[in-house]
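Quick notes on the structure that follows.
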Amino acid sequence: MLLTMRHLLEKKVLFFGGKGGVGKTTCASATALAASHAGKRVLLVSTDPAHSTSDIFEREIGPEPIELLANLWGLEIDGALESQRYVANVKQNIQGLFGHHILQEANKQIDLAASMPGAEEMALFDRIGGLIRGEDTRFDLIVFDTAPTGHTLRLIRMPELMEAWIRALSRSRQAMLGIEQDDKTDPVLISLTGRLEGLREFRARLLSPRVSAFMLVLVAERLPIEETARAIVQLDEAGVTVGGLIVNRVLPASSPDPFLQSRHSQEVIYLDEIDRRFSKLSRVRVPQLPSDVHGVQTLEALSEMLVSRSQVAT
Ligand SMILES: Nc1ncnc2c1ncn2[C@@H]1O[C@H](COP(=O)(O)OP(=O)(O)OP(=O)(O)O)[C@@H](O)[C@H]1O
Ligand SMILES: [Mg+2]
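Residues in the sequence shown are numbered from 40 upward in steps of one, following our numbering.
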């Protein structure tokens, strides 16, 4: 079934991904705005370190949700900051458990772990996981504006990898305690089981077509088309629903300018290729606007276009 924008706005979690610069932030923001107009309470989350949702909404957006417009909140999460918060939290939790010397050593180890490669990505993943599990009940829909494709696909596979890792940790803890089964009194096993349950729920919501969908944004050029094709295969393999394609920055069909005419005739070939290769997915074309999408007014126009041009359900 082809998903229309109306169907998409019924989801709980929408991701916007694609190659660098194709318009992910713009399309994620326009969709979030459309959903807020449809009466959903929407949280727009930027996970890209080069946050630009602040630019579009001309507001400072930070690590806690802030209200941008009626029914629309913004949040920019940052791996480095999340990692610092995570470390502070762990240190706080173990404070009463050990004596001064052990505590000092433990804190040193925690700082070391936090500086290892991947720690920031892990902290980012943790925060995203909480949001996808619906921990913040203020919102009906969470829209993720993601970093360029590769990075995001790694994050999407992470619950699966983490589950395997935590299961291995639980087994080695059980071996250490000389037990076969889960010990409901051991604090380490209790904590690992809790994390495993959280990950399972995260993955279940991510893989549920009713809950989540991934939108791919592209422009009608060779490299973005190829990257889209690869992303579709990888998302399929990961079991994540592809909600559809947004073909952004489509040039006007008729222009007296010979340069634009020439660009347009090349673009038509790529647009045909997109229609042919991705015929099973919903596709929405968004025109190239005369200026950058900056400020709520232009975003409103784009948002209306997205809704009105999205295909009728079949
Ligand atoms: N349809 C459009 N018409 C005109 N300008 C557009 C359109 N879509 C996006 N832009 C402009 O193109 C630039 C890149 O868009 P955007 O920031 O949304 O891309 P992105 O995919 O999020 O980039 P990045 O990979 O850097 O995160 C921005 O200046 C934006 O205003
Ligand atoms: Mg962006």
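Think of the CB as a built atom: it goes at the ideal place given N, C-alpha and C, for glycine as much as any other residue.
*With contact counted as at least three CB pairs below 8 Å, one residue from each stretch, are the stretch 81 to 88 and the stretch 108 to 115 in contact?*
Touching, yes, given that three or more Cβ pairs across the two stretches are closer than 8 Å.
*Less than 8 Å separating the beta-carbons of Leu47 and Val81?*
Their beta carbons are not under 8 Å apart, which means Leu47 does not touch Val81 by this criterion.
*Would you decide whether Asn287 is buried or exposed? Buried here means 16 or more other CB atoms lie within 10 Å of its CB.*
Residue environment analysis places Asn287 among the buried positions, since at least 16 neighbouring C-beta atoms fall within 10 angstroms of its C-beta.
_What does the Cβ neighbour count give for Leu257, buried or exposed, with the cut at 16 atoms within 10 Å?_
Per the 10 Å Cβ criterion, buried.
*What is the rounded straight-line gap between the Cα of Ala119 and the Cα of Glu103?*
So the alpha carbons of these two residues sit roughly 15 Å apart.
_Straight-line Cα distance separating Arg322 from Arg348_ = For the pair Arg348 and Arg322, the Cα-to-Cα distance works out to about 9 Å.
*Beta carbon of Lys63, beta carbon of Leu180: below 8 Å?*
Going by C-beta atoms, Lys63 is not nearer than 8 Å to Leu180.
*By Cβ distance, which residues of its chain are closer than 7 Å to Val250, with the 5 residues on each side in sequence left out?*
Same-chain partners within the cutoff: Lys50, Lys51, Val52, Arg244.
*the stretch 256 to 276 / the stretch 53 to 72 touching (three or more Cβ pairs under 8 Å)*: Yes: at least three Cβ pairs fall under 8 Å.
*Within this structure, are the beta carbons of Glu121 and Ala69 separated by less than 8 Å?*
Contact: no.
*Quick one: using the 10 Å Cβ neighbour count with 16 as the cut-off for buried, is Leu151 buried or exposed?*
The residue is exposed, with fewer than 16 neighbouring Cβ atoms inside 10 Å.
*State the DSSP-derived secondary structure class of Glu97, mapped to helix, strand or coil.*
Three-state DSSP puts Glu97 in coil, outside helix and strand.
*Regarding Ser91 and ligand 2, is the C-beta to nearest heavy atom distance less than 7 Å?*
Ser91 Cβ: within cutoff of ligand 2.
_Near ligand 2: Asp94 beta-carbon under 7 Å from a heavy atom_ = In terms of side-chain proximity, the C-beta atom of Asp94 is found no nearer than 7 Å to any non-hydrogen atom of ligand 2.
_Between the CA atoms of Glu99 and Leu72 - distance to the nearest angstrom_ = In a straight line, the C-alpha of Leu72 is about 17 Å away from that of Glu99.
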